[in-house]
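Accompanying notes for the structure given below.
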Amino acid sequence: MSHAIVGTASAWPIYRRLLGHASRYWPLLALALLGMAIEAAAAGAFTLMMKPIVDETFVEHNPEVLLTLPLAIVGLFLLRGIATFVTDYGMARTGRSVVRDLRQQLFHKYLRLPSASFDATPVPAMVSRLNYDTEQVAQASSDALKVIVTDVLTVVALASVMLFQSLRVTFAVIILVPLIALITNYVGRRYRRINRGIQDGVATMAATAEQALAAQQEVKIYGAQAQESQRYDALAGRNLRLHVKVEATRAMASSTVQLLGAVALAVLLYVAGTEAIVHQRMSAGQFVSLMAAMMAMIPSLKRIANVQSTLQKGIAAADRLFVTLDQPVEHDHGGRTLERARGRVEFDAVGVTYPNQPTPAVSELSLTAEPGTVTAIVGRSGSGKSTLVRLLPRFYEATAGEVRIDGIPLRELRLADLRRQIALVSQKVMLFDDSVAANIAYGALEGATIEQIREAATAAHALEFIERLPQGFDTRIGENGALLSGGQRQRLAIARAFLKDAPILILDEATAALDTESERLIQDALVKLIPDRTTFVIAHRLSTVEHADQVLVMDAGRLVEHGRHDELLALDGLYARLHRMQFREPA
Numbered sequence: 032m033s034h035a036i037v038g039t040a041s042a043w044p045i046y047r048r049l050l051g052h053a054s055r056y057w058p059l060l061a062l063a064l065l066g067m068a069i070e071a072a073a074a075g076a077f078t079l080m081m082k083p084i085v086d087e088t089f090v091e092h093n094p095e096v097l098l099t100l101p102l103a104i105v106g107l108f109l110l111r112g113i114a115t116f117v118t119d120y121g122m123a124r125t126g127r128s129v130v131r132d133l134r135q136q137l138f139h140k141y142l143r144l145p146s147a148s149f150d151a152t153p154v155p156a157m158v159s160r161l162n163y164d165t166e167q168v169a170q171a172s173s174d175a176l177k178v179i180v181t182d183v184l185t186v187v188a189l190a191s192v193m194l195f196q197s198l199r200v201t202f203a204v205i206i207l208v209p210l211i212a213l214i215t216n217y218v219g220r221r222y223r224r225i226n227r228g229i230q231d232g233v234a235t236m237a238a239t240a241e242q243a244l245a246a247q248q249e250v251k252i253y254g255a256q257a258q259e260s261q262r263y264d265a266l267a268g269r270n271l272r273l274h275v276k277v278e279a280t281r282a283m284a285s286s287t288v289q290l291l292g293a294v295a296l297a298v299l300l301y302v303a304g305t306e307a308i309v310h311q312r313m314s315a316g317q318f319v320s321l322m323a324a325m326m327a328m329i330p331s332l333k334r335i336a337n338v339q340s341t342l343q344k345g346i347a348a349a350d351r352l353f354v355t356l357d358q359p360v361e362h363d364h365g366g367r368t369l370e371r372a373r374g375r376v377e378f379d380a381v382g383v384t385y386p387n388q389p390t391p392a393v394s395e396l397s398l399t400a401e402p403g404t405v406t407a408i409v410g411r412s413g414s415g416k417s418t419l420v421r422l423l424p425r426f427y428e429a430t431a432g433e434v435r436i437d438g439i440p441l442r443e444l445r446l447a448d449l450r451r452q453i454a455l456v457s458q459k460v461m462l463f464d465d466s467v468a469a470n471i472a473y474g475a476l477e478g479a480t481i482e483q484i485r486e487a488a489t490a491a492h493a494l495e496f497i498e499r500l501p502q503g504f505d506t507r508i509g510e511n512g513a514l515l516s517g518g519q520r521q522r523l524a525i526a527r528a529f530l531k532d533a534p535i536l537i538l539d540e541a542t543a544a545l546d547t548e549s550e551r552l553i554q555d556a557l558v559k560l561i562p563d564r565t566t567f568v569i570a571h572r573l574s575t576v577e578h579a580d581q582v583l584v585m586d587a588g589r590l591v592e593h594g595r596h597d598e599l600l601a602l603d604g605l606y607a608r609l610h611r612m613q614f615r616e617p618a
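Sequence positions in the sequence shown follow our numbering and run 32 to 618.
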């Protein structure tokens with residue numbers, strides 16, 4: 032029975048796991064199951080009442096049933112109405128609770144996945160999984176389950192009524208049940224295959240749309256509206272074709288079940304007529320009761336066939352969710368704690384190779400950064416600069432060699448302790464749709480006082496523009512700080528770093544793409560932020576690294592030059608060549 036309902040043997044473990052998420056709400060499920068049983072029993076009882084209604088009222092003309100039978104019908108349907116309400120409430124509450132739980136688990140999982148997972152899966156696809164897929168699961172865990180259980184119980188109750196009225200007629204009709212089960216099984220498999228394509232398509236459509244809309248200025252300036260529209264239209268067309276396949280399958284299954292129901296009624300009429308006319312073994316009331324049970328059974332059988340679409344959507348969605356939930360999280364098995372590091376950082380023969388990449392991003396790199404020094408990292412695009420600094424907070428793991436802080440290998444430290452030692456200011460500042468104060472005192476810093484926040488803002492040269500905002504520190508700044516300029520967003524990120532006061536500072540292109548005035552303010556803020564910290568600066572503008580304690584020149588993942596600014600110029604190697612290109616100096 033499970034395989035007929037769920038569709039394929041491989042789908043059953045997924046659905047069983049999904050039901051496991053609903054099991055914590057077993058009191059609601061038990062109440063709903065009781066309601067379903069009462070609904071099914073009421074349907075059977077009503078068809079059973081057809082015999083006394085017809086025989087006693089219209090054949091025997093018994094006056095005693097004139098009042099009792101109508102009152103019994105009203106009482107029966109009142110009980111059924113209460114049972115329906117209990118069923119609907121219990122299943123809806125359970126289904127929405129399961130969706131809430133899955134969304135929470137999935138979001139929490141996303142936040143603990145390694146950075147490589149975000150490289151492999153676009154964020155819009157993740158959001159689609161969080162919203163769309165979980166909604167499909169809701170329908171499978173409540174609506175579809177309600178239909179399946181209620182209608183299966185109803186079919187059993189009605190079949191029992193038919194058996195009670197006539198074994199011979201019931202057995203003549205019941206031979207069609209295997210055919211209906213085969214149709215349901217086929218439809219279930221087809222639905223699951225198509226719905227997996229639909230859900231993948233929805234995620235791809237979301238990613239394509241978000242990419243085009245986020246780059247709307249580039250799309251317009253390069254005249255790519257038609258190209259982007261064509262790409263989206265192709266995805267939307269594929270999605271339409273898959274949805275039409277689902278509806279065609281559903282309509283075909285429904286029509287076939289209706290035809291089989293008509294055949295069953297014809298068989299019932301013939302066999303029951305033979306019993307009544309030839310053998311004198313069936314009363315009018317028995318025939319009407321049988322006919323009513325058979326007619327009531329057909330809609331239940333249709334719903335069981337049609338619910339396969341909803342059920343298989345939910346199973347395909349649950350499969351995708353469980354794949355994500357089963358992914359390994361960031362490795363955090365270190366047992367050593369670290370309150371505040373001195374800031375000595377060592378890279379010992381470090382290598383990094385990304386999955387499915389033939390060449391390493393970083394190869395055999397060794398260096399030491401002493402506490403309170405500035406290490407500048409320069410090189411052409413793709414030389415491995417960002418990969419190198421991302422090893423420090425363990426956004427990526429070294430595949431060879433070892434990185435140490437104060438002599439402690441990073442893997443031996445708890446992730447929370449490691450990341451508490453690091454502040455990050457990057458070119459792409461991430462802000463949240465909240466107040467200025469909440470964006471500065473973000474995360475573990477949220478307990479900071481307004482005086483501390485103001486002091487950090489002052490040090491970052493952010494106070495002057497904050498005080499001009501309508502509500503000052505309480506002003507909401509929009510999604511990713513959309514209401515602020517690039518320089519203002521950058522200064523808020525620096526204020527956040529000031530407030531954190533971490534011993535290690537990473538500046539990743541922190542002054543790139545800014546106007547001269549904003550760059551000057553930010554450079555001045557950074558001069559105050561850098562002292563007494565171990566600072567790593569990634570910079571394309573070589574003028575920003577002239578006073579660094581050491582400059583690392585990377586190329587194709589390798590450290591090709593190492594020294595101070597003037598030493599590297601005198602060496603007349605790659606750094607000197609990059610310097611000449613940037614400042615247009617003659618060779």
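Glycine is no exception: its CB is placed at the ideal position from the N, C-alpha and C atoms. Treat the numbers as computed from the prediction; the structure is a model and nothing was measured.
Q.
On the CB-based measure, 16 or more other CB atoms within 10 Å of its CB, does P354 come out buried or exposed?
A. Translated into the one-based positions of the sequence shown, residue 354 becomes position 323. In the sequence as presented, Pro is not what sits at residue 354; that position holds Val. Classification of V354: exposed, given that the 10 Å Cβ count is below 16.
Q: Starting from G410, follow its DSSP beta bridges and name the residues at the other end.
A: As a first step, residue 410 must be located in the sequence shown, where it is residue number 379. Note: G410 sits in a beta bridge opposite M585.
(Q) Residues in the same chain with beta-carbon distance under 7 Å from R450, minus the five sequence neighbours each way, listed in chain order, please. (A) If you number the sequence shown from 1, residue 450 lands on position 419. Taken in chain order, the residues that qualify are P424.
Q: Report yes or no: do three or more beta-carbon pairs, one from the region 52-59 and one from the region 274-293, lie closer than 8 Å?
A: no
Q. Can you list, in chain order, the stretches of the alpha helix (DSSP H) that have 4 or more residues and sit fully within the region 491-516?
A. 494-497
Q: Would you mind working out which of A601, L398, R272, T78 sits nearest G432, comparing C-alpha positions?
A: On the sequence shown, residue 432 is found 401 positions in, with the first residue counted as 1. Answer by Cα proximity: L398.
Q) Is there contact here, the region 393-408 with the region 351-370, by at least three beta-carbon pairs under 8 Å? A) no
Q | Counted within 10 angstroms of its Cβ, other Cβ atoms place T480 as buried (16 or more) or exposed | A | Position 449 of the sequence shown holds residue 480. A residue is called buried when at least 16 other Cβ atoms come within 10 angstroms of its Cβ; T480 does not meet this threshold and is exposed.
Q | Residue range of the unbroken beta strand (DSSP E) whose run includes D119 | A | The residue labelled residue 119 in the question sits at position 88 within the sequence shown. Element bounds for D119: not the beta strand (DSSP E) but the alpha helix (DSSP H), 96-143.
Q: Report the option in Q358, A307, Q613 whose CA atom is closest to the CA atom of L137.
A: Here residue 137 refers to the residue found at position 106 when the sequence shown is read from its first residue. Ranking Q358, A307, Q613 by Cα distance to L137 puts Q358 first.
Q. Which two residues bound the contiguous alpha helix (DSSP H) that contains E401?
A. Within the sequence shown, residue 401 is the residue found at index 370, counting from 1. It is not in any alpha helix (DSSP H) - E401 carries neither H nor E in the DSSP assignment.
Q. Does the count of Cβ pairs from the region 490-502 and the region 451-461 closer than 8 Å reach three?
A. no
(Q) Suppose you measure from the CA of V467 to the CA of L560; what does that come to, to the nearest Å? (A) Numbered from its first residue, the sequence shown carries residue 467 at position 436. Numbered from its first residue, the sequence shown carries residue 560 at position 529. Those two C-alpha atoms are separated by around 20 Å.
**Q.** Euclidean distance between Cα positions of R276 and I346
**A.** Taking the sequence shown and counting its residues from 1, one reaches residue 276 at position 245. Taking the sequence shown and counting its residues from 1, one reaches residue 346 at position 315. Note on residue identity: the sequence assigns Lys, not Arg, to residue 276. So the two alpha carbons sit approximately 18 Å from each other.
Q: Reducing DSSP to helix, strand and coil, say where G624 ends up.
A: A query on residue 624 cannot be resolved here, the shown segment of the chain reaching from 32 to 618 and no further.
(Q) I need the DSSP call for I535, collapsed to helix, strand or coil. (A) By 1-based counting over the sequence shown, the position of residue 535 is 504. DSSP places I535 in strand when its eight states are reduced to three.
**Q.** Segment contact, 8 Å Cβ cut-off, at least three pairs: the region 149-163 with the region 97-105
**A.** No, the region 149-163 does not touch the region 97-105.
Q | Unbroken stretches of the beta strand (DSSP E), 3 residues or longer, contained in the region 271-356 | A | none
Q | DSSP-derived helix/strand/coil call for A460 | A | Here residue 460 corresponds to residue number 429 of the sequence shown, with the count starting at 1. One detail in the question is off: residue 460 reads as Val in this sequence, not Ala. Three-state DSSP puts V460 in coil, outside helix and strand.
Q | Nonlocal neighbours in the same chain, by C-beta distance under 7 Å from A323, ignoring five residues either side | A | Residue 323 sits at position 292 when you count from the first residue of the sequence shown. Once the five neighbours on either side are set aside, the close Cβ partners of A323 are T78, M81.
Q: Check whether the Cβ atoms of L142 and A327 sit closer than 8 Å, and answer yes or no.
A: Locating residue 142 in the sequence shown gives position 111, counting from the first residue. Locating residue 327 in the sequence shown gives position 296, counting from the first residue. Contact: no.
**Q.** Under 8 Å between C-beta atoms of I436 and L530
**A.** On the sequence shown, position 405 is the one that residue 436 refers to. On the sequence shown, position 499 is the one that residue 530 refers to. In this structure, L530 does not lie closer than 8 Å to I436 by Cβ.
Q.
Taking a contact to mean a Cβ-Cβ separation below 8 Å, would you say T430 touches T384 in this structure?
A. As a position in the sequence shown, residue 430 is number 399, starting the count at 1. As a position in the sequence shown, residue 384 is number 353, starting the count at 1. Yes, they are a contact pair.
(Q) Going by DSSP in three states, S173 sits in which element: helix, strand or coil? (A) Taking the sequence shown and counting its residues from 1, the one referred to as residue 173 is at position 142. Correct three-state label for S173: helix.
Q: Compute the distance between the beta-carbons of G232 and R281, then report whether it is under 8 Å.
A: Walking along the sequence shown from the start, residue 232 turns up at place 201. Walking along the sequence shown from the start, residue 281 turns up at place 250. Result no, Cβ atoms of G232 and R281 do not sit closer than 8 Å.
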